[in-house]
Each structure stands twice: as C-alpha cells, then as structure tokens.
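Working notes, structure below.
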Amino acid sequence: MWLKPDEILLKNAFKLWVTEKDNEYFILQRRRGYGEGGGGLTGLLVGTLDTVLDSTSKVAPFRILHHTPDSQIYWSIACGVTKDEIFQHWDWLQQNIMRTLSVFDSSEDITSFVQGKIRGLIAEEGKSSLVLEDDPEKFREALLRFEKWFELPSEEKLVTYYSCSYWKGKVPCQGWLYLSTNFLCFYSYLLGSEVKLVISWDELWRLEKTSNVILTESIHVHAHGEDHYFSMLLHLNETFVIMEQLADYSIKRLFDKEAFQKEPMLRDPLQITKRGLEAHAKSEQFRTFFRLPKEENLLEVHESFLWVPFCHFNTLGKICLSENYLCFASQDGSQCHVIIPMREVVNVEKPDFSSRALIVCVRGKRALRFSEVRDYQRLANSIRSRCGISASPLHSASSEAIRGECQSLINHFEDNPEDVTLMVGQKGSSKAVSTEALMTVFHPQDMENLDPKMLKEKMKEQSWNIHFSEYGRGTSMFLTKKTRDLIVRGVPEALRGELWMLFSGAVNDMATHPGYYTELVEQSLGTSTLATDEIERDLHRSLPEHPAFQSDTGISALRRVLTAYAYRNPKIGYCQAMNILTSVLLLYAKEEEAFWLLVAVCERMLPDYFNRRIIGALVDQAVFEDLIRENLPQLVEHMTDLSFFSSVSLSWFLTLFISVLPIESAVNVVDCFFYDGIKAILQLGLAVLDYNMDALISCHDDAEAVTILNRFFDSVTNKDSPLPPTVQQASVGNNDKASHFGVDISELIREAYEKYGHIRSEEVESSRKRNKLYVIQTLEDTTKQNVIRVVSQEVRFTAPQLDELYFLFKRQHFLSCYWTMNSPVLLHHDPSLAYLEQYQLGFQQFSSLLSLLEPWAFCPVKSTLSLWVFRLIDENQDGLVNFKEFCCALDTLYCGSFTNKLKFLFKLHLPPAFTGSPLRAQEQRIHHFSLSEDSPQMNRPTAFELPEDGVIRKSPERGRGKVDLQAYLKQWQNEILKKEETIKDLPRINQAQFIQFSKTLYNIFHGDPEEESLYRAVTHVTSLLLRMEEVGRKLQEPSSPQSSSKPAPVSAEASPAEVSPAEENATSPESTDTSSSQTSQGTQGSEQSEVEWSFSFEQVIASLLNEPAVVRFFERPVDINAKLGHAKVAQLRLKIQK
C-alpha cells in the first residue's frame, strides 16, 4: 500500500527494522520479529509495541523508504503485508522511477518528484471510497489493519475506529476498537497474547454507558450472554453515540424494515460513514423536536438572536433550516421556539448593510428579526431560493415597499407589542370530506346559559386569545413557557382541535397535501380487506355511550378515517386502540383534521405502536420502568418485579389514558401529549403511581394493586369541564364514585409537571434507543424458544445444539442482507408470520449453510446435491426452507439409521428433487432458485406466480387481503393425517436416476480413508443389481410383462458390461457428467417398445447391507458439536484465536 510520504528518523530505527534491499534512492526493510528468524522475545516485544502505539507495522511488516545520498532524511512511501506485495511496489519503483531520477540535478528536486508521484498514486486509489473521510491517509492505514486482523468480507464498510481498553475479566487489554456497518470489533496484542472480538450489531442486547469504582466511565455491551466493557476512550461520548447509531441502524434495517424503508439516506450499507450517521442523527433530532414530516432534513444551522416583541429582548438560539421549514429554538432557558413554513414567507430583507441581521416577513402582517447571524448572506439566499423569492429589484418590483413595511412592523413591535394582532395561517375550507367536529354537532355551546363552568370556559378562551395576540396564532406562533402553562390548565373545547393540529405538526401535513384525504376515501370506499373487517367489528365499541357514536354521522366518519388510514399505510392497516383514539380526535377536529392527527400519532409521535408486536409501546414501557427506578425508589423496594407495571400501563400508552379515564379528563391528557409528546404520558404515569404510593406498598398481590389503580382512575374528575353529565358518565367504567374521593385532572397534571417536569425529551429518546435493543432481542428470543420447542419434538438434537443451529440459520439469513442494498432475503422476514416462517432461506443461503454442516464430503458437485436436498425438504414448494425443514434434514444425515440415510439419498434422485441429469437443465434450475432474480415462475412440477415485488408470502399483508382460512385448515388437516412413510411407499428408480445415485455415492465417499474399498463396494453392488435385472428379464421373456410382479425387463442396451465401466469412471466430475449425459441420451434414443430397467429401494438397500465398508461409513458417528463450532467460525470466514 502506498503511503503519504512521511519524514522519519533512522537513528534508532535499525534496532527494529532489518534491511532486505537497497539502492541509491530506496530502501526495502522488514520489521524485526517477523518473517525469517522472527518470534522469540524480540518478536513479542515488537508486536506489543506496534499494537499499543497503533503502528502500521503490526499488519504491514514491510516498508519502502526514500532517501538521497547527500541527505540524512528518510521518507516512508509504501508498506506491505507480504513480501509479494512489497516486491511489486519495489519493482514498480525500479521500472518507472529510477530511470527518471537521473535527469534531476538536485536532491530536493528528486524528493519532490518522488513525493508527487506517490501522492498521485494514492489519489487514484482513494477516489472512490475514502473521499468522505476527514483524514484519508490515517483511515487507509486503519482500514488495512481492520481487513488484516478480522478477515471480514471486502464489502464490509469500516465507519470509524478508536483506541481503548477492553476488560477481559479483571485485566484490561489495550487495543483498538473498530466500528463497521455490521460489526463491533476489537483487537489487542500484548506479549504474545492476542485478543480478537467480533460482535454483529444485530446480536446486541444492551448498549449503555456505565461507571463504577474501578471503571470511572466505560461503555457496556451485552451480547450472547456475555458482558463486555470498553474504557479509556479519549472521546467516550462520541464513541457511544456512533455505536448507538450503528446498533439502531442495524435493528431498523434487519428487524424493522417498514421504518427503515422510510429513511432513504441509510439504504445502502456500503455508503455508511461517520459523517453521514451524524447528519442523520441531527436530522432525526431536528424533526422530533419541531414535529416535522419525515421527509425534512437539517441542512443548515446558524447561531443568532431572535427579537421577541412581547418580552422586549433578544433571545439567543439557533436557526435550523430544512427544505421546507425555518425553525428557531432558544438556548438561554426561555424555552422559546418557533416554526415558520417556507410557504408562509413573503420576503427576506436586511434592515441595513452594516449589521448582520435579517428580517423574515410572513403572511398575516408579521415579521421576525434575527440578529448577529454570522453567515447572514448565505442564510438569506437559502431562504429566498426555497421560497422562490428574488433578491434583485429587477425581479421584485415591490421589494422596497416590502422592506419599508417590514421595518415599520419591527418598529411597531418594539414600541407597542400589546396592540398588535398576529393572525397567521388562517385555515381555509378543506376540499376533503367536509364535516364539523362532532362535539359542535352533538353538544353545541349555549351562549345565553352561562353557568359557572361555562363562565370558566370563556375565561380560558379569553386567556388563549390574549396569548394569540402576544405570541401569534397559527403555524408561526411563538411557543414558550406560558404556552405550556396554558396547556396544563386545560384547553378550551372550542380551540382544542386547532391547537392539536398545530402542536402535532398535522397542520403542515394537511396544508402540503390538499385533497389527499378525499382521494383516499374515494379509493378505499367499498374495499374489503382484513383491516376493513376488523374496523367494522370495532366501530360500535368506540365510546359506545357517547351520543356522537350512537348515530350514523359519527360511525360513518370514524369508518372513513380508519379505512382511509388502513389504505394509506397497509403495513399497519388497523390495530385495536386506533378506534378509541380516532373517536376522541373526531369529537374535537374535523374529519380531515382527525385523519392527519392520526397520521401524526401513528407515524411520528408514537412510532411502532400500532403493529402486530407493538414494539413502540413495549419500548416506552421499558423506559417507564427505568423512570420508576430513578424517581420512585420506595415503590421499587417494595415491588422488585416491575413487570407488573408494564402489564398494567400498556393501555395507558396505547390509548393515551383514554381507555382508563373519563372522557372529560382524558382530553386534558391528550392536550399535554400533543404539546410534549410521550414525555407527558410518562410524567402522568409516575404521578399516578406516586399518588397511590402508600396503597400500592400495602397491597398483598397484583390483583389488589390493579383494583386500587382502577378505583383511582374512576375517581378522577374534571371540575371545569362544560360537557353535560350524559357525556361525562359515558366514559366511566365504574360509577361508584362515592366510595372514593375525587381527584381533579388539572391538579394531577400540574403535580406531574412540578415533580417530574425535569425529565428531558432528549433523555427519553436516548432511553428509547437503549431499551429498543433489549425489547427486540427479547421478542427474537421468544421466537427462538417457540421454534426450538416445536422442532425439538421431531429431531434428536439436544437443546444446546438446536440453539447453535438456530443461531447459524438466522445469521445465514442476515449474511445476505449485510452487504446488499435491497436484499430480497430481507424482505422475506415478516414478524406477522408464524414463528417457523419468520426466518427462511432461499437456495443460495441454504446451499452455503449446508456446505458448512453436511456430515459427508459431497465433494465435486456440491451445488447439484444442495439443489436436490433443497427441493426435497421444501415440502410446500414455495422456494423457501424454514428452520424445521432444515433441522429434519440434518437430523436424518447426522442421527438417522443406516436405512433412513439411504432412503434420504434415494429420494434425492426421485422427483421433485431430481428432474434430469443434463448440466444445462441443472444450471437453469439453480438460476430459478437464485434470490437475486425476480423470476415470475419457479421451475417446479407445480408452478406458481410470484407477487410483483418478487417476494413469496404465505399470508397477506395487513390491510391488503383476507386470510384464506380454508387453505390453512386444509393444510393443518393434511399435517395431522400425514402418516409415516415406509420403504414400500417409495417409487422405483429408473436407469438415469440409478446412474446418478451411484455417482452420488462415489462423490460422498471421495476423500474417505476407506475410499478404495467403498468404490469397489459400489461397483460390486451396481454389477450385482444389473445382473439380477438381466436374469429377471430373461425369465420373464415367455410371459407378458404386465402379468408379472417381478422387476421390469431390462433394456437390451443396458447390460452390465456397458454400464459398469461408466460407473467405474464416476470418481471424476467431468467423466461422470459426460457419461451420465450420454447414457441419458442413449436411453432417450432407444425404441419405444423397449422398457427401461428399474430398481426398488428394497433391492438397493439389501445389496448395500452386504457391503461392510458401506455400512461402516454410514453408521460412523459424526461429532456434531465440532461441526457446529467450525461452522460458527467459518460462516464469517474468521480466524478467532482466544
């Protein structure tokens, strides 16, 4: 490898390097302790020094130096892992450089010329992959060490590397941590002790920062039941963030493909870089904080001051710019932030040329002033380009007028902030299905009858109107501490729908997709799917006692919204709890608004909540448990098993407390949720447990604790609610309120914010990522245990062996996904399928895994035999093999009796496994099974059509089609009625099949110590069977062939003298293929009146039983554990030395 010319001093270097070759301008050296004469104490010391100091010499013990005769300075210009590599560089220098150097007069010119040549070679090599790295030279050296030490496939992308200590027991090992796209790797070499660690990101259970007495601060990794600690990191926080991002990337890509498909930035694993991961993480944090659509990416960040007119001061913060939004968030504790859609921007101007300030004018006669912007010109141009505004007066005739208007507005804000009415983003009439909020239809406010509750409601509205006048209204409203205070006190009924839309970001979705909901309703109208059936079943269970859902108006609106969303997102379709949430949304928002609120909740605010495995809810429950440990230690001491709270709180998270609280109280919780996200639900959950602390500590069992919590929720009231009693009682499960004192929801929410408001959203998101690993792996472990339990009843492998086999099977499934952008195998993974069908292998993956685990050599023609085995065990002929089918085949090969093993080999040469011998047909069949092809048909006896995306599915996607229950019942019945196959049930084997069967025996005997005796045994059996057939044919000549129960007559051309020599030559793959093809063609060319000879399985096994060598070969025990251990290492082509 060519190196960037680096000056070195050779005063003491000759103690560590040995010169192999030299000339006037170059020296080739070998590291002492490597190669001939290496080893010993010198080798140990030098190797340790190289590893600790991160020397390239550890993996590249050869180097070339450049020097001139009249200079004491040497330059390293190349290094090499092997002699061949370094000699290639040496020869290149001799042929291309040495002849040219003689024309130069000075040493400086010679050195400059050599350095320029070497830099040019490096630039050519690094054009493709290393241009994005901060320090390409150092990264190239690290990449060389990474590839040498871990021997991973060349496609594996190294992301970054760090120096650290790895704690192996109580002893730290100083070495290097390498983080790649799919693996976490560590290498250390100290005094001859080599430590090598490779863990794939999808195997991680825990990833967290820890500290104790010994390790002040370290990173803890838990995988395969083992704990690993990394410390002494110079940039520990940066390292942890990168590790967290890579683990999250792997989990999304391999286990959560629906979420991963929405992130095009991370599609190609070969293009993942440290810089790209950091940019993606910042964009994700940016979208989460400002509730922006998934398509938005953070493009620019500028520090600036924003003039806040209602407070008369400048607040320090950051301007965040994306494709369609200009956002600002303060950093001085004022908790002020504002979101400005680019569609609302009218103009961008500078108040004067001397200051670094910008004025952004928006619709509604409003302007925002940003000052002290370092790169204000770039920011102004970016905003103009995204809004389609021209900065030139030639393109904007009214630019001076707008500038004057903006300046007058700024001056007016500074002098009279309370007199300005800021009405921005007025909502126009929707083009979609137009209905009023159901609450306004079924409970209109009586303006004349103002009872105390209605008066308080009007006071709330007045408070919000004052807030609007000061802070703005609509999409570009300032959000501050005062906004949160008003939310905690409760939102007025009349403003609830508008504020939900604003705080959730749904108002932007609806504004940028006009008419989208109407189109969805029209397209989904009349469709019949599994989702629509579930929706119809649950329609009348959604707030059934509320008047709005006792009429066709509310039921029809609920049906349209749920059906439209199921049509929009078939991956989710419809899940229980969505009906309860949507019914509450429809009470306060118009139909189209309710749809976009549902989109915001399901796809942004509560990700992965509404799917089959409810991963998002389980993750947030784990976060909730962590918060209980931190904030309620007394409760933890009494109830050490916090899983009880997880089971109880599931409905709290899924329905935002709507299913457990009265409706008039639950809507206050929803107010806080739309403003603060999941943080509000976690805070309220802690407040509920804290409020009932004494009662929960004194309870004796879980049932009593559940009763206490249910009574508490039934006692929660909303004393300020203007809803009539009929509506309030509709949502109460138990009307026995007299037995329990009442708790006001506003007081409960206020207490939650006062006690637990210190919980930061960033901490919640970090905890989500940490716990998602554990939740995913727990679900995967449950799947594994269920699969092993089913398979263990049908095979003779032990539980640990099945565990290792499952690990290999699953990793083989993922290996084809690690280094490809759109792997079809990845699409086969569907958690909604039955346990056995979640992980399946196509032919290419199956063939690779079988080659590692097969008990016999299967030497010359592995692909052919693998194809036949694949066809045989693929019982439903769907082109995929599940774990049970794979294990049953291995069980026969490893643990089966002599008869069962022979029967398995015999069936490999019968349809559907064996369909002919010509190689061309074989290659075509292998091509059809290749997962890299989206073939519309499979070359099988029973052909079938593939879906458009080329993925075979055994069950329809949620929301798209109905499950064929009759087909499932029929399949179940067939499995129950399936009887044990006997040797008499096997069909006879014909001429071509028998010849191939004999060739297969030759192939699996190849390389065995008794190879010669086994070959002779097969030849003897073959000759004996053919003679038996010939004798039988002669005895049956006088009689009719149909009246005889003896074997079929032998063809005149198939005499032992002709067939046997072909069998003798079957040890060579070339000769076997040729002879088989010729025999098949000769058979096809025979006369129609002649019948091919054939054998039954009883004849074959009876003949082979008389050959002791064959019996010993098949009854020889195989060390299964050794095979599994070898496969575990060889599967990744690693050489791990412990």
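Numbers given in the numbering used here equal positions in the sequence shown, counted from 1, plus 8. Note that CB positions come from ideal geometry on N, CA and C, so glycine has one too.
If we ignore side chains and look at the alpha-carbon of each, how far apart do residue i and residue j end up?
i: glutamine 999; j: serine 208; result: 49 Å
i: aspartate 698; j: glutamate 759; result: 10 Å
i: serine 1076; j: serine 855; result: With a pLDDT of only 38 at serine 1076, under 50, the local geometry of the prediction cannot be trusted, and the value read off the model is given with reservation. In a straight line, the C-alpha of serine 1076 is about 22 Å away from that of serine 855.
i: leucine 717; j: glutamate 553; result: 23 Å
i: leucine 487; j: phenylalanine 321; result: 16 Å
i: alanine 365; j: glutamate 304; result: 26 Å
i: tryptophan 98; j: isoleucine 72; result: 8 Å
i: lysine 1136; j: leucine 861; result: 10 Å
i: phenylalanine 318; j: serine 330; result: 27 Å
i: isoleucine 543; j: proline 578; result: 13 Å
i: glutamate 286; j: glutamine 279; result: 14 Å
i: serine 925; j: lysine 915; result: Residue confidence for serine 925 is low, a pLDDT of 47 falling below 50, so the modelled location carries little weight; the figure read from the coordinates is stated next. Cα to Cα, serine 925 sits roughly 15 Å from lysine 915.
i: glycine 624; j: glutamine 885; result: 36 Å
i: threonine 448; j: leucine 595; result: 8 Å
i: isoleucine 1128; j: asparagine 890; result: 20 Å
i: leucine 152; j: phenylalanine 121; result: 26 Å
i: aspartate 882; j: glutamate 893; result: 7 Å
i: phenylalanine 1121; j: tyrosine 814; result: 28 Å
i: serine 1053; j: glutamine 1107; result: Residue confidence for serine 1053 is low, a pLDDT of 39 falling below 50, so the modelled location carries little weight; the figure read from the coordinates is stated next. Using only the alpha carbons, I get a separation of about 14 Å.
i: lysine 1007; j: glycine 1133; result: 30 Å
i: leucine 470; j: glutamate 773; result: In the sequence on display, residue 470 carries glutamine and not leucine. When rounded, the distance between both Cα atoms is 36 Å.
i: histidine 74; j: leucine 11; result: 12 Å
Is any non-hydrogen atom of the ligand SAM found closer than 7 Å to the C-beta of residue i, if you look at the structure I gave you?
i: serine 559; result: The model on display carries no ligand, and the ligand SAM is accordingly not part of it.
Just curious, the beta strand (DSSP E) that residue i is in, first and last residue?
i: asparagine 322; result: 321-329
i: aspartate 30; result: 25-30
i: valine 1126; result: First-last for valine 1126: undefined, no H or E at that position.
i: lysine 178; result: Careful: lysine 178 lies outside any beta strand (DSSP E) and carries neither H nor E.
i: phenylalanine 376; result: Before going on, a small fix: residue 376 reads as leucine here, not phenylalanine. Residues 374-379.
i: threonine 218; result: 212-218
Can you list, in chain order, the residues of its chain with a C-beta nearer than 6 Å to that of residue i? Leave out the 5 residues immediately preceding and following it.
i: phenylalanine 70; result: Arg38, Gly88 and Ile94
i: valine 724; result: Leu669, Ser673, Val751 and Ile753
i: arginine 394; result: Met350
i: leucine 731; result: Glu672
i: serine 874; result: Ser855 and Leu858
From which residue to which residue does the alpha helix (DSSP H) around residue i run?
i: phenylalanine 557; result: From DSSP, phenylalanine 557 is part of no alpha helix (DSSP H); its letter is neither H nor E.
i: serine 226; result: Element bounds for serine 226: not the alpha helix (DSSP H) but the beta strand (DSSP E), 226-231.
i: glycine 88; result: Note, glycine 88: premise wrong, no alpha helix (DSSP H); beta strand (DSSP E) at 82-88.
i: glutamate 15; result: Taken as a continuous stretch (DSSP letters only), glutamate 15 belongs to no alpha helix (DSSP H), being part of the beta strand (DSSP E) at 10-16.
i: leucine 285; result: 282-298
Please return the same chain residues whose Cβ sits closer than 8 Å to the Cβ of residue i, not counting the five positions on each side in sequence.
i: isoleucine 227; result: Leu215, Glu216, Lys217, Thr218, Tyr237, Phe238, Ser239, Leu241, Leu244, Thr247, Phe248 and Met251
i: arginine 778; result: Arg214, Leu215, Glu216 and Glu252
i: leucine 381; result: Position check: residue 381 holds valine in this sequence, whereas leucine was assumed. Excluding sequence neighbours, valine 381 sits near His310, Glu311, Ser312, Ile327, Arg364, Ala365, Leu366 and Leu387.
i: proline 995; result: Leu918
i: phenylalanine 1103; result: Arg996, Ile997, Phe1002, Leu1033, Glu1037 and Pro1055
i: glutamine 531; result: Tyr575
i: glutamate 422; result: Only weak support exists for where glutamate 422 lies, its pLDDT of 46 falling under 50; the coordinates are left without a value.
i: isoleucine 636; result: Leu643, Val644, Leu650, Phe653, Leu694 and Leu697
Kindly say whether residue i, judged by its beta-carbon, lies nearer than 8 Å to any beta-carbon of chain C.
i: leucine 551; result: Absent from the structure: chain C. Only one protein chain is present.
So, at 7 Å on beta carbons, what are the nonlocal neighbours of residue i in its own chain, with the 5 sequence-adjacent residues on each side left out?
i: cysteine 903; result: Arg804
Exercise. At which residue ranges does the segment 583-657 contain complete alpha helix (DSSP H) runs of 4 or more residues, listed in the order of the chain?
Worked result: Runs of the alpha helix (DSSP H) lying entirely within the segment 583-657 and spanning at least 4 residues, in chain order: 586-596, 599-608, 623-639 and 641-646.
For this session: Give a yes or no on contact between the segment 156-169 and the segment 120-132, applying the rule of three or more CB pairs nearer than 8 Å.
Result: no
For this session: Could I get the ranges of all uninterrupted alpha helix (DSSP H) runs contained in the segment 486-512, with 4 residues as the minimum, in chain order?
Result: DSSP runs (the alpha helix (DSSP H)) wholly in the segment 486-512: 489-497 and 504-512.
Exercise. Below 8 Å, can you find three or more Cβ-Cβ pairs linking the segment 599-612 to the segment 499-512?
Worked result: yes
Exercise. Are there three or more Cβ pairs, one per stretch, closer than 8 Å when the segment 183-191 is compared with the segment 765-772?
Worked result: no
Exercise. Is there contact between the segment 643-657 and the segment 535-551, where contact requires at least three CB pairs shorter than 8 Å?
Worked result: Touching, no.
Exercise. Below 8 Å, can you find three or more Cβ-Cβ pairs linking the segment 893-903 to the segment 792-804?
Worked result: yes
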